[in-house]
Amino acid sequence: QQQVKQSPQSLIVQKGGISIINCAYENTAFDYFPWYQQFPGKGPALLIAIRPDVSEKKEGRFTISFNKSAKQFSLHIMDSQPGDSATYFCAASRMDSSYKLIFGSGTRLLVRP
Amino acid sequence: DTGVSQDPRHKITKRGQNVTFRCDPISEHNRLYWYRQTLGQGPEFLTYFQNEAQLEKSRLLSDRFSAERPKGSFSTLEIQRTEQGDSAMYLCASRHTGSSYEQYFGPGTRLTVT
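Chain order of the listed sequences is A and B. For what it's worth, the numbering used here labels the leading residue of the first sequence as -9, then goes sequentially. For what it's worth, the numbering used here labels the leading residue of the second sequence as 2, then goes sequentially.
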């Protein structure tokens, strides 16, 4: 049973636009929610992460919005650039155990010049 | 800055052969994780080590798979009698339990079983 659902599967945005990717989780025991960026042939790299005690976290052009009651969180990429074109994965983890990451299925983002 | 390294980066093997992958984590990272990623999907957890102890194995890790971390440093993942369904990217990640929550991923080993 998939525990983290991610949408959309793919996204095309014009340069300078806002990219929004959404995730929903089922397990209320999750308490760490990172977003990873992956380029072809590379391993995932952490972009930004949030814990459920805050509703929003911003780092540069990247913002996570977190809705604990709805069990949803989203990634917003402001002023999207062609270099942001990559696959993005949300993930969730329980910090009181193995910290293993449960990943969403990914969103392939294409930012057009 | 020496990140997580994996070797080989690519491996092509015939069905039924055994393969072994190596992961070198970031120095002094006591936790090491193995994930498998198939095309178009997110990584899936396989197993993890705390130092040299293997503490959890996923149901994805069939009897044909074995992982070791003999001295609490590098780790190996062996697949015996490979099947075409084993074709995937095998990712290794490491973290230090005393510092941050972040898992640092290696570049992965791409396995193709023909």
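Note that beta-carbon positions come from the ideal geometry of N, C-alpha and C, so glycine has one too.
- prompt: Hey, is A:K90's beta-carbon within less than 8 angstroms of any beta-carbon in chain B?
  reply: yes
message: Within 10 Å of its beta-carbon, does A:I8 have 16 or more other beta-carbons around it, so buried, or fewer, so exposed?
response: exposed
For A:D43, the nearest candidate out of A:E49, A:F63, A:F52 (CA to CA): A:F63
task: Name, going along the chain, the residues of the region 26 to 47 of chain B whose beta-carbon falls closer than 8 angstroms to a beta-carbon of chain A.
output: R32, Y34, Y36, G41, Q42, G43, P44, E45, F46
query: So what does DSSP say about A:Q(-9), is it helix, strand or coil?
result: Residue placement at A:Q(-9) is flagged as unreliable, the pLDDT there being 46, under the threshold of 50; the coordinate-derived value follows with that caveat. Correct three-state label for A:Q(-9): coil.
- prompt: If you draw a straight line from the C-alpha of B:H97 to the C-alpha of B:T113, how long is it?
  reply: 31 angstroms
query: Would you report the Cα separation of A:Q(-9) and A:Y89, rounded to the nearest angstrom?
result: Bear in mind that a pLDDT of 46 at A:Q(-9), under 50, signals an unreliable position, so the number given afterwards is only what the model happens to contain. C-alpha separation (whole angstroms): 19 angstroms.
query: When you compare each of A:L100, A:Q28, A:D69, A:D21 to A:A84 by their alpha carbons, which one comes out closest?
result: For the record, residue 84 of chain A in the displayed sequence is Arg; it is not Ala. With distances taken between Cα atoms, A:R84 lies closest to A:D21.
- prompt: Taking C-alpha atoms, which residue in A:T77, A:P(-2), A:V3, A:E46 lies nearest to A:R98?
  reply: A:T77
- prompt: Where does the unbroken beta strand (DSSP E) through B:P9 begin, and where does it stop?
  reply: It is not in any beta strand (DSSP E) - B:P9 carries neither H nor E in the DSSP assignment.
Residues in the region 31 to 43 of chain A having any Cβ partner in chain B nearer than 8 angstroms: G31, K32, G33, P34, A35, L36, A39
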